[in-house]
Amino acid sequence: MDSGVEQLGLELLAQADRLAEFTEDPPRLTRTYLSAEHRAAGDYIASLMRAAGMHCGYDALGNLVGRYEGAHPDAPVVIIGSHMDSVRNAGRYDGLFGILSGIACVAELHRQRRRLPVAVEVVAFGDEEGVRFGVTLIGSKAMAGQFDPAWLAVRDAQGVSLAEALQAFGCDPQAWPGIDRRARPPLAYLESHIEQGPVLLNEGLPLGVVTAIAGAQRSIVTLAGLAGHAGTVPMGARQDALAAAAEMVLAIERIGNERSGLVATVGRLQVLPGAVNVIPQDVVFSIDVRSGLDSLRRAAIADIEAECDRIAARRRIALRREPLYLADAAPCHPLLQDCLAQAIAARGLAVRHLPSGAGHDAMVFPALAPSAMLFVRCGNGGISHHPDETLSAPDAGLATRVLLDALLRVPAAFGLSGAPA
Ligand SMILES: [Zn+2]
């Protein structure tokens with residue numbers, strides 16, 4: 050490991066430590082969209098952007114956009130982005146690392162006085178997690194032309210609407226259409242992010258190339274059996290909705306286990322009447338199935354539904370299904386995956402491709418532009434959305450060097466002529 054990489058990593062981790070001070074409930078880290086801490090963290094990030102030779106400012110939805118001009122005024126744009134909001138009691142690298150590493154790439158170009166055939170914009174999205182208003186990915190959706198103006202009326206727990214919060218932040222809520230990039234889409238979108246899982250850690254690899262951001266399908270299943278006295282109804286005569294649900298939960302786990310590239314979870318289950326001496330009559334439970342391959346997800350869901358129907362029929366239980374949420378997988382662009390893979394291989398590292406099980410800003414961008422993600426290894430068993438989230442300085446530095454190398458490969462990958470000036 051060359052010492053410059055580790056030194057760069059140490060600088061990035063120090064910046065992340067500084068940003069962790071902008072929190073709504075110290076000593077825990079919580080930074081929600083359009084809060085005073087969002088503003089304070091954004092102003093610190095803006096100072097880093099200016100030091101890296103960028104012009105920057107907040108857009109109409111409170112996203113902080115820094116721009117480093119290309120060799121020509123009309124050069125297309127490559128966006129490097131991630132989010133600066135957090136969950137409650139968060140770790141300090143989720144989202145922030147992608148912003149800081151993007152700025153560090155531009156800082157290196159600026160140090161070399163180097164202009165590319167593309168302009169580089171680093172975007173710190175204001176809302177990805179959706180903690181404050183319950184709407185996720187507001188900033189990236191607005192860029193991709195998917196902003197719903199009805200969101201402006203949504204209120205937070207204190208009764209403040211999104212429009213009011215934007216005004217208090219100094220933004221013009223009605224100016225959101227100006228964020229839409231569809232008329233002049235970027236050449237590419239790149240995002241570096243901690244993995245938020247243990248795959249790279251377990252394989253001893255610092256970096257991975259994301260193949261797709263997993264699609265997710267959620268539904269609610271309602272089972273209706275028959276309540277009865279727990280002491281008087283004989284076992285063979287029962288229609289126990291909870292016993293049926295238990296069989297279904299295990300069938301769903303088995304179907305998830307049997308297929309690689311797929312996860313299936315029952316995360317919520319309610320039992321009625323919920324009394325110790327009454328046979329359960331009604332059960333409501335959730336199913337969450339995710340995969341980077343939509344065909345795999347659909348086939349698993351068909352199997353789950355058929356299996357649940359069989360169990361319900363055998364146990365004389367009525368079953369009703371309601372869809373709750375559906376998002377197809379967002380594939381990462383093959384040419385951009387290649388840019389990242391080549392940059393990783395150039396460092397003498399094995400190239401590991403893996404899907405992302407969590408959602409990211411990068412899942413919105415394929416509708417607008419070719420998109421890709423670089424994953425960086427998490428320590429501590431891969432824990433994330435938690436204060437124990439860790440990232441090592443050598444990994445942080447290495448990821449940033451690889452991100453810059455990949456960025457330099459993007460113009461040629463998309464047939465853009467003109468050697469870097
Ligand atoms: Zn994130």
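Heads up, the sequence shown stops at 470 in the working numbering, and the numbers go up one at a time, no gaps.
For glycine and all other residues, C-beta sits at the position ideal for the given N, C-alpha and C.
Query, Result
"L457 - containing beta strand (DSSP E), residue span", "Counting along the chain, L457 falls outside any beta strand (DSSP E), though it belongs to the alpha helix (DSSP H) covering A442 to A462."
"Any non-hydrogen atom of ligand 1 closer than 7 Å to H132 Cβ", "yes"
"When F218, D229, E213 and A212 are compared against G194, the one with the closest alpha-carbon", "D229"
"The stretch 293-305 contacting the stretch 390-407, beta-carbon criterion three pairs below 8 Å", "no"
"Beta-carbon proximity of A313 to V338, cut-off 8 Å", "yes"
"C-alpha gap between V325 and M422, whole angstroms", "50 Å"
"Option nearest L249 by Cα separation, candidates G428, A378 and S344", "G428"
"Inside the stretch 220-271 only - alpha helix (DSSP H) runs reaching at least 4 residues", "248-252"
"Close beta carbons around A390, own chain, < 7 Å, minus the five adjacent residues each side", "V258 and V400"
"Unbroken alpha helix (DSSP H) run spanning Q216, endpoints", "L211 to F218"
"T449 to L113 span [Cα, whole Å]", "20 Å"
"Buried or exposed by the 16-neighbour rule on C-beta atoms within 10 Å, applied to P283", "exposed"
"L465 - DSSP class collapsed to helix/strand/coil", "coil"
"Meets three-Cβ-pair contact criterion under 8 Å: the stretch 155-162 and the stretch 105-112", "no"
"Close Cβ partners of T185 (< 8 Å) along its chain, the five nearest in sequence each way excluded", "D176, E177, E178, G179 and G408"
"Contact test: G188 Cβ vs ligand 3 heavy atom, cutoff 7 Å", "Among the ligands modelled here, namely ligand 1, ligand 3 does not occur."
"beta-carbon G253 near ligand 1 non-hydrogen atom, thresh 7 Å", "no"
"Rounded C-alpha distance that separates R99 from I353", "53 Å"
"Touching by the beta-carbon criterion (3+ pairs, under 8 Å), the stretch 209-226 and the stretch 414-421", "no"
"F334 (DSSP reduced to helix, strand or coil)", "strand"
"Rounded separation between P75 and T439 - CA only", "19 Å"
"Span of the alpha helix (DSSP H) around L158", "L145 to R160"
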